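Report on the following structure.
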Amino acid sequence: MQIQDDRRQCFQIGTSGIIILDTLARAAPSVDENSSKEMGTVIHRAAALQEITGGLVLLVAHAGKDQNRGLRGHSSLFAAADVVIKVNRNMSQRGWELEKSKDDTDGSQHGFTLDKVLLGVDDDNENIESCVVVRSSNLPKKVKKLSGTVQLGLKTLQEAVSEAQFLESDETVGVHVDEWRKIYERSSTADKADAKKKNFYRARKALCELDMVRVVNDVYFIVEP
């Protein structure tokens, strides 16, 4: 992101447009995101890009492990931004929220879907596809933090799928509940066998209620987001 004086002549002041840095971490790989000084330099150079081009500089950044705490890294990035839009997803549901607006009211939320479109055919006679954003009235449900028991349930289901595979007509891979239960109970740290069985039941029920797994004739499948 270094801007040298001799590069300024490549731009015409006031030409406008949008410069997208996707992602910020890839555009500035050597920068310590938690450093106030280094993030201050990134912010300064993004502002210089905006001044040079007369356009909009859009930074794409990820949230941290705890999404409720907002952007990853130093808080100066959020503070310096004129607008912050948070895009979230829960399985097939997507949405965006106006977290910050310097000159307007923030907090509004909107749902959307991505529809696949055909752009053409390439030289190998294969489809060239992309997607378009379509407004939706459905907002993503907030993702609940999984308990240790439920996390173990998902982890052991993934392991069971890799060990004993069942195929549906659409070639989705699943596993019979008995095979899943064996691996869960083998991995569980509960002291008694009865406790392991109860924890497995709770984990299986919770994952189904969260639509993270589905079942067909006692064969369980992980629902891919």
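Here the sequence shown stands for residues 0 to 224, numbered as in numbering that gives the first Met the number 0.
Glycine residues also receive a C-beta, built at the ideal position from the N, C-alpha and C atoms.
These numbers were taken from a predicted model, which means no experiment stands behind them.
Residue i, enclosing alpha helix (DSSP H) - first and last residue
i	result
Ser161	Gly147 to Glu162
Cβ distance (whole Å) where residue i is taken to contact residue j below 8 Å
i	j	result
Ser136	Gly173	Actually they are not in contact, since the Cβ atoms of Ser136 and Gly173 sit about 32 Å apart, beyond 8 Å.
Ile19	Val59	7 Å
Leu118	Ser100	Leu118 to Ser100, Cβ: 34 Å. No contact.
Residue i (DSSP reduced to helix, strand or coil)
i	result
Lys99	strand
Gly16	coil
Leu48	helix
Asp177	helix
Lys195	helix
Lys36	helix
Val83	strand
Leu138	coil
Arg88	strand
Ser75	helix
His128	Sequence check: residue 128 is Glu here, not His. Strand.
Val30	coil
Ala62	strand
Val215	strand
Asp123	coil
Glu167	Note that Glu167 has pLDDT 45, beneath the 50 cutoff, so the model's placement of it is unreliable and no number is given.
Short Cβ contact (8 Å threshold) for residue i with residue j
i	j	result
Pro139	Arg93	yes
Leu153	Met211	yes
Asn126	Val132	no
Ser34	His73	yes
Leu206	Val149	yes
Ile182	Glu158	yes
Glu178	Lys195	no
Ser15	Thr52	yes
Gly218	His175	The sequence shown places Val at residue 218, rather than the Gly named in the question. Against a cut-off of 8 Å, the Cβ pair of His175 and Val218 comes out as a contact.
Exposure label - residue i; buried when at least 16 CB within 10 Å
i	result
Val41	buried
Leu23	buried
Val83	buried
Leu57	exposed
Ser187	buried
Leu113	exposed
Val215	exposed
Ala46	exposed
Val160	buried
Ala192	exposed
Thr155	buried
Asn198	buried
Arg203	buried
Span of the beta strand (DSSP E), counted from its first residue to its last, around residue i
i	result
Leu209	First-last for Leu209: undefined, no H or E at that position.
Leu23	Counting along the chain, Leu23 falls outside any beta strand (DSSP E), though it belongs to the alpha helix (DSSP H) covering Leu23 to Ala26.
Gly110	Gln108 to Val120
Val218	Val218 to Ile221
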